[in-house]
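Peer 1: What the sequence shown shows, in my numbering, is residues 2 to 212, in sequence order. Don't be surprised by glycine CBs; every beta carbon is placed ideally from N, CA and C. Bear in mind that the values here come from a model prediction, so they are computed numbers and not experimental data. Quick one: this structure, given as structure tokens, is what I'll be asking you about.
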Amino acid sequence: MDWTIFGAGSFIWDIIDAIEEHSGKVKYIVLNRDIPADLSQELAKRFPIISLKDYKQHNGDKDNNFLGFVNANKEPLLEELEKIGILRFPNVIHPKSIISNSSLPHIGKGNFIGAGSVIAPYVKVGNFNFINRASSIGHNTTIGNFNHIAPGATICGICKIGNKNHIGTGSTIIDRITIGDNITIGAGAVVVKNISSPGTYIGVPAKVKGV
Numbered sequence: 002m003d004w005t006i007f008g009a010g011s012f013i014w015d016i017i018d019a020i021e022e023h024s025g026k027v028k029y030i031v032l033n034r035d036i037p038a039d040l041s042q043e044l045a046k047r048f049p050i051i052s053l054k055d056y057k058q059h060n061g062d063k064d065n066n067f068l069g070f071v072n073a074n075k076e077p078l079l080e081e082l083e084k085i086g087i088l089r090f091p092n093v094i095h096p097k098s099i100i101s102n103s104s105l106p107h108i109g110k111g112n113f114i115g116a117g118s119v120i121a122p123y124v125k126v127g128n129f130n131f132i133n134r135a136s137s138i139g140h141n142t143t144i145g146n147f148n149h150i151a152p153g154a155t156i157c158g159i160c161k162i163g164n165k166n167h168i169g170t171g172s173t174i175i176d177r178i179t180i181g182d183n184i185t186i187g188a189g190a191v192v193v194k195n196i197s198s199p200g201t202y203i204g205v206p207a208k209v210k211g212v
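Here's what the structure looks like:
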């Protein structure tokens with residue numbers, strides 16, 4: 002299975018690893034900015050890298066599968082590509098992740114689920130989320146769209162996570178918590194109350210930064 006990846010952020014090697022674990026092939030990496038210096042040399046050795054402009058001029062490659070919209074900043078690009086008929090956005094699920102059979106039918110499109118992550122029974126996951134290494138999502142939890150759940154984060158059972166949030170490395174959201182939209186949970190924070198207002202929340206228990 003051939004893949005086109007949009008963007009080259011710091012977690013691109015996790016994505017490539019999961020694709021190759023499934024015997025897939027990265028056909029293109031498409032960028033609309035310069036590659037980060039710490040990634041450029043090795044990426045350029047292994048994969049064809051083309052500009053977004055060149056990719057769109059050739060009307061894309063509809064035989065490919067696509068990933069890379071796990072960042073909400075790419076939402077306008079997604080809408081643009083949908084207009085030219087590029088609609089195939091399968092999930093990339095690392096074979097070393099653990100996903101309950103009752104949750105698999107309820108995972109949307111364009112999601113990345115990394116190695117060592119655990120998705121418990123009856124979880125619903127929307128579209129274009131990045132569920133990173135060794136993270137855990139508890140039973141009967143609902144995840145919206147364009148969220149990044151960082152390595153080692155724990156979301157306990159019966160939680161509701163909205164859209165465009167960052168759940169930081171090693172953070173914990175206890176059970177039955179609702180998180181709104183455009184919220185950042187800092188690394189190591191522990192969320193014990195619902196959060197509805199956009200902002201950055203840090204500490205134990207988590208409080209809005211600066212308060």
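#1: Buried or exposed: where does Gly8 fall if 16 or more other Cβ atoms within 10 Å of its Cβ makes it buried?
#2: Helix, strand or coil for His107, going by three-state DSSP, please let me know.
#3: Answer with buried or exposed for Lys26, where buried requires no fewer than 16 other C-beta atoms within 10 angstroms of its C-beta.
#4: For Lys161, name the three-state secondary structure that DSSP assigns.
#5: Using CA atoms only, rank isn't needed, just tell me which of Ile178, Ala151, Ile30 is closest to Leu44.
#6: At which residues does the beta strand (DSSP E) containing Lys97 begin and terminate?
#7: Of the residues Ile17, Ala188, Leu53, which one's Cα is nearest the Cα of Asn33?
#8: What distance in whole Å lies between the Cβ atoms of Thr179 and Lys161, which are believed to be in contact at a cut-off of 8 Å?
#9: Which two residues bound the contiguous beta strand (DSSP E) that contains Lys26?
#10: Pick from Ile203, Arg177, Asn128, Gly189: whose alpha carbon is nearest that of Ser136?
#11: Could you check whether Val126 and Ile99 sit closer than 8 Å to each other, using their CB atoms as the reference points?
Peer 2: In brief:
#1: As a first step, residue 8 is located in the sequence shown; it is residue number 7 there, counting from the start. So Gly8 ends up on the buried side.
#2: Mapped onto the sequence shown, residue 107 falls at position 106. Here His107 sits in helix by DSSP.
#3: As a position in the sequence shown, residue 26 is number 25, starting the count at 1. The residue in question, Lys26, is exposed, as its Cβ has fewer than 16 Cβ neighbours within 10 Å.
#4: Translated into positions along the sequence shown, residue 161 becomes position 160. DSSP places Lys161 in strand when its eight states are reduced to three.
#5: As a position in the sequence shown, residue 44 is number 43, starting the count at 1. Closest by alpha carbon: Ile30.
#6: Here residue 97 refers to the residue found at position 96 of the sequence shown. Per DSSP, Lys97 belongs to no beta strand (DSSP E) and is neither H nor E.
#7: Position 32 of the sequence shown, counting from 1, holds the residue named residue 33. When each option's Cα is compared against that of Asn33, the closest is Leu53.
#8: Taking the sequence shown and counting its residues from 1, one reaches residue 161 at position 160. Taking the sequence shown and counting its residues from 1, one reaches residue 179 at position 178. Right, the Cβ-Cβ distance comes to about 4 Å (below 8 Å), so this counts as a contact.
#9: Along the sequence shown, read from residue 1 onward, the residue named residue 26 stands at position 25. Here the beta strand (DSSP E) through Lys26 covers 26 to 32.
#10: Numbered from 1 along the sequence shown, position 135 holds the residue referred to as residue 136. Looking at the Cα atoms, Gly189 is the closest of the given residues.
#11: Taking the first residue of the sequence shown as position 1, residue 99 is located at position 98. Taking the first residue of the sequence shown as position 1, residue 126 is located at position 125. Not closer than 8 Å, so no.
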